[in-house]
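Step one of this worksheet: look at the structure below.
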Amino acid sequence: MSEKDTPLTEAFFYILLALRRPNHGYGVIQEVEQLTDGRVVLGPGTLYGALQTMQKRQWIRIYSQDTESRKKKEYVITELGRQAFETEKSRLEELLNNAKLMEEGET
643 MSEKDTPLTE AFFYILLALR RPNHGYGVIQ EVEQLTDGRV VLGPGTLYGA
693 LQTMQKRQWI RIYSQDTESR KKKEYVITEL GRQAFETEKS RLEELLNNAK
743 LMEEGET
């Protein structure tokens, strides 16, 4: 993963999290909204733009496609996507740990 791939946007982070098992676009929107108690609401443009970018980066792949009902696609995270997610998760953990250390030092 290159430097330009990190840090992940909040939308990318939550989309990858929602695709740890196969899910379709509307399902991703619902899961992200539920995970964040409505704080993050992905619009269709944001979601589908992100899905295209992630497919180009090979972070996700099409899991299945229903050709009879509006061509609904299910996506799933790939190993490269898991690596990108784990790298970002570690980066965020470091940020939080450093903030806690600094706060403890002020006490």
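The sequence shown lines up with residues 643 to 749 when you count with the working numbering.
In this text, a Cβ means the ideal position worked out from N, Cα and C, and glycines have one as well.
All values reported here derive from a predicted model rather than from experimental measurement.
Among the options, the one whose alpha carbon lies nearest that of residue i
i	options	result
Ala653	Val683, Pro664 and Asp679	Val683
Ile719	Lys731, Met696 and Leu738	Met696
Gly669	Glu728, Glu730, Lys731 and Tyr717	Tyr717
Beta-carbon separation (whole angstroms), residue i vs residue j, contact threshold 8 Å
i	j	result
Ile671	Leu689	6 Å
Buried versus exposed call for residue i [16 or more other C-beta atoms within 10 Å across all chains shown]
i	result
Ile657	buried
Leu661	buried
Ala741	exposed
Leu693	buried
Per DSSP, the bridge partner or partners of residue i
i	result
Tyr656	Per DSSP, none; premise fails for Tyr656.
Asp708	Lys714
Arg724	Looking at the DSSP assignment, Arg724 forms no beta bridge with any residue, so it has no partner.
Test item: CB-CB of residue i and residue j under 8 Å
i	j	result
Thr648	Arg733	yes
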